[in-house]
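Below is one structure, written out as structure tokens, with a few remarks after it.
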Amino acid sequence: MTAVCVPAPPAADDATLIRRSLTEPEVFAELFDRYAPAVHRYAVRRLGPDAGEDVVSETFLAAFQHRHRYDLERADARPWLYGIASNVIGKRRRDEVSLYRAYVRSGVHPAEVSGGLVEHQADTLAVNRPLAAALLRLRAGDRDVLLLTAWAELSYEETAAALGIPVGTVRSRLNRARKKIREELEDRHG
Numbered sequence: 001m002t003a004v005c006v007p008a009p010p011a012a013d014d015a016t017l018i019r020r021s022l023t024e025p026e027v028f029a030e031l032f033d034r035y036a037p038a039v040h041r042y043a044v045r046r047l048g049p050d051a052g053e054d055v056v057s058e059t060f061l062a063a064f065q066h067r068h069r070y071d072l073e074r075a076d077a078r079p080w081l082y083g084i085a086s087n088v089i090g091k092r093r094r095d096e097v098s099l100y101r102a103y104v105r106s107g108v109h110p111a112e113v114s115g116g117l118v119e120h121q122a123d124t125l126a127v128n129r130p131l132a133a134a135l136l137r138l139r140a141g142d143r144d145v146l147l148l149t150a151w152a153e154l155s156y157e158e159t160a161a162a163l164g165i166p167v168g169t170v171r172s173r174l175n176r177a178r179k180k181i182r183e184e185l186e187d188r189h190g
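Residue 155 in full-length UniProt numbering sits at position 155 of the sequence shown; the count goes up by one each step and never skips.
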């Protein structure tokens with residue numbers, strides 16, 4: 001007798017999962033499993049390891065509670081989730097600023113505490129103190145755009161959707177942020 005390999009069904013897109021979760025709430029857990037690790041890494045980079053779990057919890061709780069408002073025409077929920085995470089982080093802006101200031105003063109990024117990095121690869125701030133100082137000096141909106149595109153790897157369109165701003169605004173904020181970062185780093189090394 002020959003065994004027949006049946007390919008696994010393709011993973012449902014995010015909109016399908018969210019639609020199904022409206023009547024089957026447990027389906028939302030699949031969205032959590034899919035994106036919680038990436039949102040956690042992003043939150044840790046922004047606020048430090050202590051806040052990472054809280055940001056993930058608050059992000060997915062808000063997403064679950066407001067899933068009925070999700071635009072089901074959008075197959076990818078990442079921009080929506082990062083938008084929620086950015087709002088949660090925005091409420092903790094003082095924590096983010098404190099993290100950057102502490103890092104600039106001490107040279108030790110909180111993700112390095114406890115004998116190793118939280119992530120497998122070196123965190124950008126952990127290897128570049130001047131970058132932390134430059135990020136600290138950016139406007140909050142400019143920093144959000146820069147870090148969503150750099151650390152969350154969202155496209156301009158996804159960043160615009162995440163923050164609820166036009167793509168042109170993303171481009172101008174990103175341009176301004178990059179210019180300020182470049183100037184800061186050139187002044188320090190220059």
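Just so you know, even glycine gets a beta-carbon here, dropped at the ideal spot from N, CA and C.
Treat the numbers as computed from the prediction; the structure is a model and nothing was measured.
- In this structure the region 129-140 does not lie against the region 60-75, because fewer than three pairs of beta carbons, one per stretch, are closer than 8 Å.
- Under the DSSP assignment, L136 falls in the alpha helix (DSSP H) whose first and last residues are R129 to R137.
- Taking 4 residues as the shortest admissible run, the UniProt domain "RNA polymerase sigma-70 region 2" (31-96) contains the following complete alpha helix (DSSP H) segments, listed from N- to C-terminal end: 49-65 and 78-91.
- Comparing C-alpha distances from A43 to each of H68, I181 and A152 shows the shortest one belongs to A152.
- For L47 against S86, the beta-carbon gap comes to about 12 Å, at or over 8 Å, which does not count as contact.
- Around E157, the same chain offers V167 as residues with beta carbons nearer than 7 Å, after the five sequence neighbours per side are excluded.
- For a cut-off of 8 Å, the C-beta gap from R74 to A15 is around 6 Å, short enough to register as a contact.
- Between the alpha carbons of E53 and V39 lies a distance of about 9 Å.
- With respect to the C-alpha of S172, the residue from R143, R34 and L185 having the closest C-alpha is R143.
- In this structure, A133 and E184 form a Cβ contact; the two beta carbons are roughly 7 Å apart against a cut-off of 8 Å.
- Burial state of P79 is buried, judged by a 10 Å Cβ sphere holding 16 or more other Cβ atoms.
- In the structure shown, D142 adopts helical secondary structure according to DSSP, grouped into three states.
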